[in-house]
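Here's the structure, in structure tokens; my notes come after.
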Amino acid sequence: MFRNFKTVPFVVFGRGCFGQLNDIVKKHRKATGSFMIFMVDDVFTDSHLCEKIPLQDQDHLIWINVDDEPKTTYVDQLTRSVHQLSGDLPAGVIGIGGGSTMDLAKAVSLMLTNPGSSADYQGWDLIKNPAIYHVGIPALSGTGAEVSRTTVLAGPEMKLGINSDHTVFDQIVLDPELISGAPFEQRFYTGMDCYIHCVESLNGTYLNTFSRSYGEKAMALCREVFLDGGPESDDKLMIASYFGGMSIAYSQVGICHALSYGLSFVLGLHHGIGNCIVFDQLEKYYPEEVGEFRQMMERHNINLPKEIMVGVEENGIEKMIDITLNLEPLMENALGPDWKEIMTRDRIREIYEKL
Ligand code: NAD
Ligand code: ZN
1 MFRNFKTVPF VVFGRGCFGQ LNDIVKKHRK ATGSFMIFMV DDVFTDSHLC
51 EKIPLQDQDH LIWINVDDEP KTTYVDQLTR SVHQLSGDLP AGVIGIGGGS
101 TMDLAKAVSL MLTNPGSSAD YQGWDLIKNP AIYHVGIPAL SGTGAEVSRT
151 TVLAGPEMKL GINSDHTVFD QIVLDPELIS GAPFEQRFYT GMDCYIHCVE
201 SLNGTYLNTF SRSYGEKAMA LCREVFLDGG PESDDKLMIA SYFGGMSIAY
251 SQVGICHALS YGLSFVLGLH HGIGNCIVFD QLEKYYPEEV GEFRQMMERH
301 NINLPKEIMV GVEENGIEKM IDITLNLEPL MENALGPDWK EIMTRDRIRE
351 IYEKL
């Protein structure tokens, strides 16, 4: 059976296209008095970007803090605070920031129309009701969160996405000017998330022509950005992120992501840097790509944190292993149907203990 997956229906791309946001959302302000919720990464407080947000009198801006990656508890708190603003639901939710802020915007737009806690919906296709109209505007590129059908959340038990067709944004605004001010290390780590999406998709057993075509182009763009550089790097990175996301949409990620999910759940490590730390140890699985990744690190003077597992107790390691093994589609994509014979608890522990 072939997957019939939903993609983002409206995309605007180009330097300065953020300026069109007001026109784009205007037609979704259904009735007089209907309002929009802007969820914006608080790194932009008092910034030039902040002044350009087309906020109207009835709209609300909520500053989003992403010091910790998104948790179900934060989503529930934000959803409650939106409900308290008015007796009505907003006409739209607009997320401006990196993968964390975009995921929070997706999650809140879903939880405004679905009862209970966001933790109840972590998994696949558990969402019943369509979300509020939601718009994603990346200010950091690489995660592919702008195109994916998931919002990745740390819940009481697991770091696991709310995967559903309703999760997909209704509109994305890809303006390369928005990512130009990102700190270079963060830009690198998030950019490498895209590179690793491509590596895992292109080397996976789920690969098909659709995924390969997007993956190869995204990979080529990552090489141009992180090995050559140049004036159009931000434009290229933004499209690489989109294409990398499209590539994994019809395939899957692999071992690196499965291990990295365990790391971020237990140690609170952020996704991009966690992926880089794990990927650096996966030479056995992706020899050429790990070599190229190291060249990119060298070119950008990146020094990965070392010995991050020092002090992690036995139950922490066990939890990481449980999380990794629970991500069955990722493992199967990477290693094929007999993956359980290759990726045993001992083998996973061995990789974790090297980090
Ligand atoms: P992020 O959103 O967590 O942001 C990282 C840091 O960069 C934060 O401190 C943020 O404030 C700052 N930042 C963001 N944009 C900036 C800018 N333009 N200028 C200055 N600072 C800026 O980082 P990310 O790597 O984009 O996202 C990681 C998150 O995305 C994780 O929570 C991960 O689970 C999620 N993710 C989601 C998907 C998906 O498909 N939904 C895919 C991969 C990762
Ligand atoms: Zn990723």
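So for the sequence shown, this note's numbering puts the first residue at 1; every next one is plus one.
Idealized CB from N, CA, C, for every residue including glycine.
What you are looking at is a predicted structure, and each value in this text was computed from that prediction instead of being measured.
Taking residue 330 as the reference, which of 269, 248, 106 and 279 has the closest Cα? Answer by Cα proximity: 248.
Going by C-alpha distance, which of 126, 282 and 256 is nearest residue 381? Residue 381 lies beyond the stretch modelled for the chain, which goes from 1 to 355, so this question has no answer here.
Under the assumption that residue 138 contacts residue 102 (Cβ atoms under 8 Å), give the Cβ distance between them as a whole number of angstroms. Contact annotation, residue 138 with residue 102: C-beta distance approximately 6 Å; criterion of less than 8 Å satisfied.
Does the region 16-35 touch the region 225-241, meaning 3 or more C-beta pairs lie closer than 8 Å? Judged by pairs of C-beta atoms under 8 Å, the region 225-241 does not touch the region 16-35, as fewer than three such pairs exist.
Check residue 30 in the structure and name its three-state DSSP category. Residue state, collapsed to three classes: coil.
So, helix, strand or coil for residue 62, using DSSP? It is a strand residue.
Near the ligand NAD: residue 88 beta-carbon under 7 Å from a heavy atom: Incorrect: residue 88 has no Cβ contact closer than 7 Å to the ligand NAD.
Label residue 333 either buried or exposed according to how many other C-beta atoms from any shown protein chain fall within 10 Å of its C-beta, with 16 as the threshold for buried. Residue burial annotation: residue 333 is buried, with at least 16 other C-beta atoms found within 10 angstroms of its C-beta.
For residue 42, which residues in the same chain have their Cβ closer than 7 Å to its Cβ, ignoring the five residues on either side in sequence? Cβ within range, chain order: 63, 64 and 65.
Helix, strand or coil: how does DSSP classify residue 203 here? It is coil, neither helix nor strand.
Would the C-beta of residue 140 count as close to the ligand NAD, meaning under 7 Å from any of its heavy atoms? Result yes, Cβ under 7 Å from the ligand NAD.
Taking DSSP as the reference, what is the three-state secondary structure of residue 238? Reduced to three states, the DSSP call for residue 238 is helix.
Quick check on residue 42: does DSSP put it in helix, strand or coil? Collapsing the DSSP output to three states places residue 42 in a helix.
Closer than 7 Å: is that where the CB of residue 179 sits relative to any heavy atom of the ligand NAD? The answer is yes for residue 179.
Just curious, the alpha helix (DSSP H) that residue 263 is in, first and last residue? Run containing residue 263: 255-267, per the alpha helix (DSSP H) assignment.
Residue from 79, 127, 201 and 265 whose Cα sits closest to the Cα of residue 68: Here the closest residue by C-alpha is 265.
What do you reckon, are the CB atoms on residue 177 and residue 16 nearer than 8 Å? Yes, the pair counts as a contact, with Cβ atoms nearer than the cut-off.
What residue from 171, 267, 149 and 294 has the CA that sits closest to residue 158's CA? Residue 267 holds the alpha-carbon nearest to the alpha-carbon of residue 158 among 171, 267, 149 and 294.
Give the DSSP bridge partners of residue 182, in chain order. Beta-bridge pairing links residue 182 to no other residue.
Should residue 275 and residue 196 be called a contact, given that it needs their Cβ atoms to be closer than 8 Å? Between residue 275 and residue 196, the C-beta gap is smaller than 8 Å, which places the two residues in contact.
Using DSSP's beta-bridge definition, name the partner residues of residue 123. 162.
Own chain residues within Cβ distance below 6 Å of residue 244, not counting five before or after: Here the set comprises 144, 194, 197, 198 and 218.
Leaving aside the five residues before and after residue 44 along the sequence, list all residues of the same chain whose C-beta is less than 6 Å from its C-beta, in chain order. Taken in chain order, the residues that qualify are 50.
Could you tell me whether any non-hydrogen atom of the ligand NAD is closer than 7 Å to the CB of residue 190? Residue 190 Cβ: within cutoff of the ligand NAD.
Cα-Cα, which of 22, 146 and 211 is closest to residue 97? Per the Cα distances, 146.
Taking 8 Å as the CB-CB cut-off, is residue 329 touching chain D? You won't find chain D in this structure, because it holds only one protein chain.
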